[in-house]
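Below is one structure, written out as structure tokens; the observations come after it.
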Amino acid sequence: MTQAFDLSFKLCNKDIISIGILVGYTFENVTKAITIIEEIGTTTNILVVNNSAIINNLRFDDRLKNWIILLGSNSNSEFSAWQEGLAYILEQSLDHDCIIFANDTVNIHRCFTKFRLLMFCYQIARNKNAYIGTLLNTKNKNFFFLGNKQNNKILRITNYISTYLFSMDKSALKKLNYQLDYYNELKSHINEHSTTAEDFFADTLSLSLRLRLVEWLFSGRGWYKGGKFTEQKREMFTRKALCILNEFYLASLSHQFNIKLKDIFLRQNWLYKFDRLLVWLGEVRSKDVDNKFTSI
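Positions in the sequence shown are counted from 1; adding 926 to them yields my numbering.
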């Protein structure tokens, strides 16, 4: 079975020049995540390390001897790291048809089956001008970013890609001007003087979106690190909130630029259920289970 899947990965990617950009925070997670990226069959792999304490250990690890290793700024968590990886690709004029993006928890919060990886590769092979990953529906037509005084355009959020693992081809990246990090555009949506969870987000987000984000971050029933807002945890909550907003913003811009958002399971629930069946049958990458991760 493994040989069949490995062959399928190669067939899916045989004519595609792909580059992987992995964001690293912990040594253990990185050494687990690299197996996912390498199995996709990427031509070149870049590791952007957002934790200076582990970078030397990673540079001397034989498992990463063929990886390009960069120290990230961690200015906007994984999104700044991916941006720094993109900057390196452009500076070095590295040839590519598509770029695979992942963070080092890619196979920590989910059971990562070979079938899921195969479906991801299949979508990359068959789609152009596409943003590919796990597509999630917000199920709420009132999620949107409000415009500012200079630009009163409303950006609606109907769905988004979960950025634990995703791909964009060259045509999609060109439309976005190779920009994934929107910290400067998004920081004003968070109230830096907030004293409670209720006023954490600015009113530049729609009310329904603010309420949902507050519930997800601060109720203890959403994000696995979430809980009561305190001043001591402000930075942690701010970083996570900016990542979620960046996911939403990137999806909204992709719609605006007519970039296709493609789901690895083809938006077919039976394919997702089949993947979950494989988990329970033991065809897994991790002992964790999918329901540890709660989406927006």
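The C-beta atom is built at its ideal place from N, Cα and C for all residues, glycine as well.
List the DSSP bridge partners of residue i.
i     : result
G1146 : Note: G1146 sits in no beta bridge, so no partner.
Y1224 : Past the edges of the chain, shown from 927 to 1222, lies residue 1224, and the structure says nothing about it.
F1071 : L1081, L1131
G950  : V975
Y1057 : M1094, L1187
Where does residue i fall in DSSP's three states?
i     : result
D1095 : strand
L1020 : coil
Q929  : In this predicted model, Q929 has a pLDDT of only 48, less than 50, meaning its place in the structure is not dependable enough to derive any value.
L1106 : coil
A979  : coil
I960  : helix
F1191 : coil
T970  : strand
K1166 : helix
N1029 : strand
I995  : strand
S1120 : coil
I945  : strand
Between the options, which lies nearest to residue i when the distance is taken from Cα to Cα?
i     : options                    : result
V974  : E964, R985, K1067          : R985
K958  : A1128, I1190, N1029        : N1029
D987  : T968, E954, S999, I1015    : E954
L1125 : S1093, N1103, L1106, R1160 : With the sequence shown as reference, residue 1125 is identified as Asp, and Leu is not the correct amino acid for it. Comparing Cα positions, the closest option is R1160.
T1089 : K1065, L1197, R1147, L1187 : L1187
In whole angstroms, what separates the C-alpha of residue i from that of residue j?
i     : j     : result
I1083 : F1200 : 28 Å
M1162 : S1097 : 34 Å
Y1237 : N1184 : Outside the modelled stretch of the chain, which goes from 927 to 1222, sits residue 1237, for which no answer is possible.
E1017 : S1134 : 41 Å
I945  : H1022 : 6 Å
I1087 : S1178 : 10 Å
K1075 : N977  : Any reading at K1075 must be qualified, since the residue scores a pLDDT of 49, below 50, and its modelled position is unreliable; no value is offered.
K1113 : R1136 : 14 Å
I963  : K1151 : 26 Å
N1033 : Y1104 : 26 Å
T1060 : F1191 : 8 Å
If residue i and residue j are in contact, beta carbons under 8 Å, what's the gap, nearest whole angstrom?
i     : j     : result
L1131 : H1115 : 5 Å
I972  : I994  : 5 Å
L1204 : F1041 : 6 Å
D1095 : N1055 : 7 Å
L1012 : L1106 : 7 Å
F1155 : A1128 : Contact flag wrong, Cβ pair sits at about 15 Å.
I1058 : F1092 : 6 Å
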